[in-house]
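S.K.:
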Amino acid sequence: DGRGGREPRFSCNVVFDKGQKIYDAINTVAGIFRGRAFFGNSEINFVDDRPRRPVNLFTNESVKDGLFFYSNHRRDEQFNTIEVGFKDRFESEEDIKERGVFKKKIEGVGITSRAMARRVGQHQIFSSIDENQTVAFTAGLETILCQPGDLVIIEDELKTNKSNFGKILAIDLPNETVRLSN
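Dropping the structure here:
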């Protein structure tokens with residue numbers, strides 16, 4: 030918790046007092062734990078930010094025209110300093126009078142501790158510097174296995190100059206051989 034103790038990774042202390050749309054309120058709460066809400070099977074589903082196993086593999090052979098389209102964040106979008114505004118549940122009115130109110134750069138919705146604000150800031154810095162590339166592609170029916178938030182593996186031989194994948198074209202059991210497309 031930044032004070033020698035421990036606290037939950039995420040906590041929420043929010044009051045919705047202005048006629049906010051329910052879906053906006055759900056997204057606000059999901060954003061606190063780095064989650065996302067999405068519709069699926071006529072219901073609202075959630076995905077959160079946690080380590081998970083990949084659910085699918087996409088290669089040049091499994092995407093339209095064999096192409097992946099990459100884009101990077103601009104250099105001025107790769108932050109190395111973040112200010113997170115929060116309402117510290119440990120601070121008193123006296124301390125606010127003495128030191129003043131901190132200027133807010135990121136809206137820290139539901140954040141009520143300095144340690145959680147620090148984790149939010151660290152995550153923003155990590156995301157902007159180390160997760161600064163997006164990829165787009167068009168794929169076929171294999172995408173049915175995926176839903177928002179799933180982790181997928183991309184093997185792009187045009188980017189890595191390595192070809193370590195292929196489709197099985199034939200299996201010859203008597204000769205114990207497998208014929209691959211690559």
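So the number in the numbering used here is just where the residue sits in the sequence shown, counting from 1, plus 29.
Don't be surprised by glycine CBs; every beta carbon is placed ideally from N, CA and C.
(1) Based on DSSP bridge pairs, tell me the residues matched to A199.
(2) To the nearest angstrom, report how far apart P80 and S142 are at their CA atoms.
(3) Tell me N74's beta-bridge partners as DSSP assigns them.
(4) Answer with buried or exposed for N70, where buried requires no fewer than 16 other C-beta atoms within 10 angstroms of its C-beta.
(5) Just to confirm my understanding: we take A168, look at its own chain, exclude 5 residues before and 5 after, and list those with CB closer than 8 Å. What are they?
(6) Rounded to whole angstroms, what is the Cα-Cα separation between R148 and D77?
(7) Could you tell me the alpha carbon to alpha carbon distance between A66 and V43, rounded to whole angstroms?
(8) Mapping DSSP to helix, strand and coil, what is F87?
(9) Have a look at L202 and K196 and give me their C-alpha separation to the nearest angstrom.
(10) Counting only the same chain and skipping the five closest in sequence on each side, list residues whose C-beta sits under 8 Å from that of G48.
(11) When you compare only the Cα positions, how much space is there between G60 and G95?
(12) Please confirm whether N85 and V164 have their CB atoms less than 8 Å apart.
(13) Tell me where the beta strand (DSSP E) around T163 begins and ends.
(14) Specify, as a first and last residue, the run of the beta strand (DSSP E) that I182 falls within.
(15) Comparing alpha-carbon positions, which option in R63, E36, F75 lies nearest G150?
(16) Helix, strand or coil: which one does DSSP assign to D46?
M.R.: With the structure as the only source:
(1) Paired residues: R208.
(2) It is roughly 24 Å from the alpha-carbon of P80 to the alpha-carbon of S142.
(3) Listed as beta-bridge partners of N74 by DSSP are F67.
(4) Exposed, by the Cβ-count rule.
(5) Apart from the 5 residues on each side of it in sequence, A168 sits with its Cβ closer than 8 Å to the Cβ of F87, S91, V92, K93 in its chain, given in chain order.
(6) Note on geometry: alpha-carbon atoms of R148 and D77 lie some 16 Å from one another.
(7) Roughly 18 Å between the two C-alpha positions.
(8) In the three-state DSSP reduction, F87 falls in the strand class (E or B).
(9) Inter-residue distance for L202 and K196 is about 17 Å (C-alpha atoms, whole angstroms).
(10) Nothing meets the Cβ criterion.
(11) Rounded to whole angstroms, G60 to G95 spans 34 Å at the Cα level.
(12) V164 is positioned such that its CB atom lies no closer than 8 Å to that of N85.
(13) T163: member of the beta strand (DSSP E) spanning 162–165, first to last residue.
(14) I182 -> beta strand (DSSP E) spans 181–184.
(15) Check the Cα spacing between G150 and each of R63, E36, F75: the tightest is with R63.
(16) Three-state result, D46: coil.
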